[in-house]
Amino acid sequence: DTGVSQNPRHKITKRGQNVTFRCDPISEHNRLYWYRQTLGQGPEFLTYFQNEAQLEKSRLLSDRFSAERPKGSFSTLEIQRTEQGDSAMYLCASSPPPRTSGSYEQFFGPGTRLTVL
Amino acid sequence: AQSVTQLGSHVSVSEGALVLLRCNYSSSVPPYLFWYVQYPNQGLQLLLKYTSAATLVKGINGFEAEFKKSETSFHLTKPSAHMSDAAEYFCAVRGESNTGKLIFGQGTTLQVKP
Chain A
21 DTGVSQNPRH
31 KITKRGQNVT
41 FRCDPISEHN
51 RLYWYRQTLG
61 QGPEFLTYFQ
71 NEAQLEKSRL
81 LSDRFSAERP
91 KGSFSTLEIQ
101 RTEQGDSAMY
111 LCASSPPPRT
121 SGSYEQFFGP
131 GTRLTVL
Chain V
39 AQSVTQLGSH
49 VSVSEGALVL
59 LRCNYSSSVP
69 PYLFWYVQYP
79 NQGLQLLLKY
89 TSAATLVKGI
99 NGFEAEFKKS
109 ETSFHLTKPS
119 AHMSDAAEYF
129 CAVRGESNTG
139 KLIFGQGTTL
149 QVKP
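Residue numbers (my numbering), protein chains in the order written: chain A, 21 to 137; chain V, 39 to 152.
Encoded structure:
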């Protein structure tokens, strides 16, 4: 079991640049979530994929944010024209189908820490 | 709307003392509740979960939590703190939509003094 992996672990960028993060979920987990965590706060939900379909997006996900999950495997989260307020830890989590995990337990990756200068 | 409130952003205990981290939730549906732990610069690790079975839930590393519907609480306890328990702890409730998203509290930082 390799767990959920995220790359890169750290990203420093200048304001206005575009960044892309990748998440590789646990194999056979068809559910994938992105969360954002700012310093001293709990994670906040951004978006949810079931297989390749993006089924829910938070109001936190502005037009500058886009997420994809082609073929229902890995997922990418892109932020365009980054702003200093985007600085945060971006967490990815995956979950197996409810029939095997009726509690919707989520397994988290180590996160990507974004710093926008 | 669902929400989670963790009382006390910082809790400090001595090694060997009881750990009590408080969590209250709001939910219009029977809740699924979780406690996660986060060590510095790491992701979240599940400690335990409540899924409408036994109200006293045992988790990893000696932690347990009790679901009390009348108090809308799900407090986390451990009889004897270890130095390695120092971390940030998050309580979460499953969202009402069928996506299974989690709604987290703001977290409690546990400090363990020698």
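Heads up, the beta-carbon is just placed ideally off N, CA and C, and yes, glycines get one too.
None of the values given here were measured: they were computed from a predicted structure.
| task | Could you name the residues of the same chain whose beta carbon sits closer than 8 Å to that of A:N71, not counting the 5 residues immediately before and after it, in chain order? | result | N50, R89 and G92
| said: Quick check on the burial criterion: 16 or more other C-beta atoms within 10 angstroms. Buried or exposed for A:D83? | reply: exposed
| field | Segment contact, 8 Å Cβ cut-off, at least three pairs: the region 99 to 110 of chain A with the region 105 to 116 of chain V | value | no
| message | Against chain V, does A:P63 count as a neighbour if the rule is that its beta carbon must be under 9 Å from one of theirs? | response | yes
| Who are the neighbours of V:S135 on chain A, taking C-beta pairs under 8 Å? | E76
| said: Quick check: the Cα distance between A:R56 and A:F85, rounded to an integer number of angstroms? | reply: 12 Å
| query | chain V partners of A:G131, CB-CB under 7 Å? | reply | G81
| Going straight from the alpha carbon of V:A92 to that of A:F128, what length do you get? | 25 Å
| Along chain V, which residues have their Cβ under 7 Å away from the Cβ of A:R51? | G138
| query | With contact counted as at least three CB pairs below 8 Å, one residue from each stretch, are the region 60 to 79 of chain V and the region 121 to 129 of chain V in contact? | reply | yes
| Residues of chain D with CB under 9 Å from V:Q144, in chain order? | Considering every chain present, this structure includes no chain D. Its protein chains are A and V.
| message | For A:P45, tell me which candidate among A:T96, A:S25, A:L97 and A:R35 has the shortest Cα-Cα distance. | response | A:S25
| field | Residues sharing a beta bridge with A:D143, DSSP | value | Outside the modelled stretch of chain A, which goes from 21 to 137, sits residue 143 of chain A, for which no answer is possible.
| chain A contact residues for V:R132, given Cβ-Cβ distances below 7 Å | Y124
| query | Who are the Cβ neighbours of V:G138 in its own chain at under 7 Å, not counting the five residues just before and after it? | reply | R132
| message | Given this structure, state the Cα-to-Cα distance separating A:G131 from V:L85, to the nearest angstrom. | response | 18 Å
| task | With DSSP collapsed to three states, give me the class of A:N15. | result | Lying outside 21 to 137, the shown extent of chain A, residue 15 of chain A is not represented and no answer is given.
| Just how far apart, CA to CA, sit A:E64 and V:S52? | 31 Å
| How about A:P28: is its C-beta nearer than 9 Å to some C-beta of chain V? | no
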